[in-house]
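This note's numbering applies: residue 1 is where the sequence shown begins, and numbers increase by one. What follows is a single structure, written as structure tokens, with notes after it.
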Amino acid sequence: MPAEGQAGAAPRRSGLKNPEAAVRGLGAGTLALEAIVLLLAIQPIRILGGDLRGWQIGLVIGLAVVAALLAGCMRRPWGWGTGTALQVALLAGGLVVHWSITALGVMFGLAWAYATYVRRSILG
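So this is what it looks like as structure tokens:
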């Protein structure tokens with residue numbers, strides 16, 4: 001029987017009944033939670049002294065809507081790449097909105113990096 005790293009070796013099984021669906025669920029859950037947190041972050045920023053203008057609130061709402069829509073598109077081949085682009089956009093958007101949005105971008109960027117790591121380790 002060949003070793004796992006050699007040619008002809010059987011693919012490593014994850015133990016999940018449907019690993020693709022499990023990984024999609026992880027990505028979709030991360031994005032859905034991100035959308036909710038972004039929407040809930042608007043009012044605390046305003047209360048704590050963030051002088052948010054209409055376009056800045058619109059930007060945060062737009063990022064939340066994109067995250068929610070993308071959560072439903074995780075079975076598409078471009079879903080994971082677009083999710084990564086969303087994390088970059090959140091970091092950049094935080095620079096023009098408020099520093100706390102950048103902090104959320106860092107936290108959800110780390111969560112997204114972990115989700116992609118899990119995806120890579122399960123699906124190969």
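Cβ coordinates follow ideal geometry from the N, Cα and C atoms, glycine included.
(1) Indicate whether at least one CB of chain B lies closer than 8 Å to the CB of residue 49.
(2) Taking the alpha carbon of residue 91 as the reference point, which residue from 34, 19, 53 and 23 has its own alpha carbon closest?
(3) Give the DSSP-derived three-state secondary structure of residue 15 in the structure shown.
(4) To which residues of the same chain is residue 74 closer than 7 Å at the C-beta, ignoring the five residues directly before and after it?
(5) Measuring only the C-alpha atoms, how far is residue 79 from residue 21?
(6) For the segment 100-108 and the segment 37-53, state whether three or more C-beta atom pairs, one from each stretch, are separated by less than 8 Å.
(7) Find out if the Cβ-Cβ distance for the pair residue 87, residue 112 is shorter than 8 Å.
(8) Taking the C-alpha atoms as reference points, what is the distance between residue 17 and residue 119?
(9) So what's residue 52 in DSSP terms, helix, strand or just coil?
(10) Can you give the beta carbon distance from residue 63 to residue 89, rounded, assuming they're within the 8 Å contact cut?
(11) Could you check if residue 66 is buried or exposed, using at least 16 other CB atoms within 10 Å of its CB as the buried criterion?
Reading off the structure:
(1) No chain B is part of this structure, which consists of one protein chain only.
(2) Distance from the Cα of residue 91 is smallest, within the candidate group 34, 19, 53 and 23, for 34.
(3) Three-state result, residue 15: coil.
(4) Hits under 7 Å: 24, 27 and 28.
(5) Residue 79 and residue 21 have their alpha carbons spaced roughly 13 Å apart.
(6) Contact holds: three or more Cβ-Cβ distances are below 8 Å.
(7) Yes.
(8) Distance between residue 17 and residue 119, taken at the CA atoms: about 15 Å.
(9) If DSSP states are grouped into helix, strand and coil, residue 52 belongs with coil.
(10) Between residue 63 and residue 89 the beta-carbon gap is near 7 Å, inside 8 Å, which marks them as a contact.
(11) Buried: at least 16 other Cβ atoms inside 10 Å.
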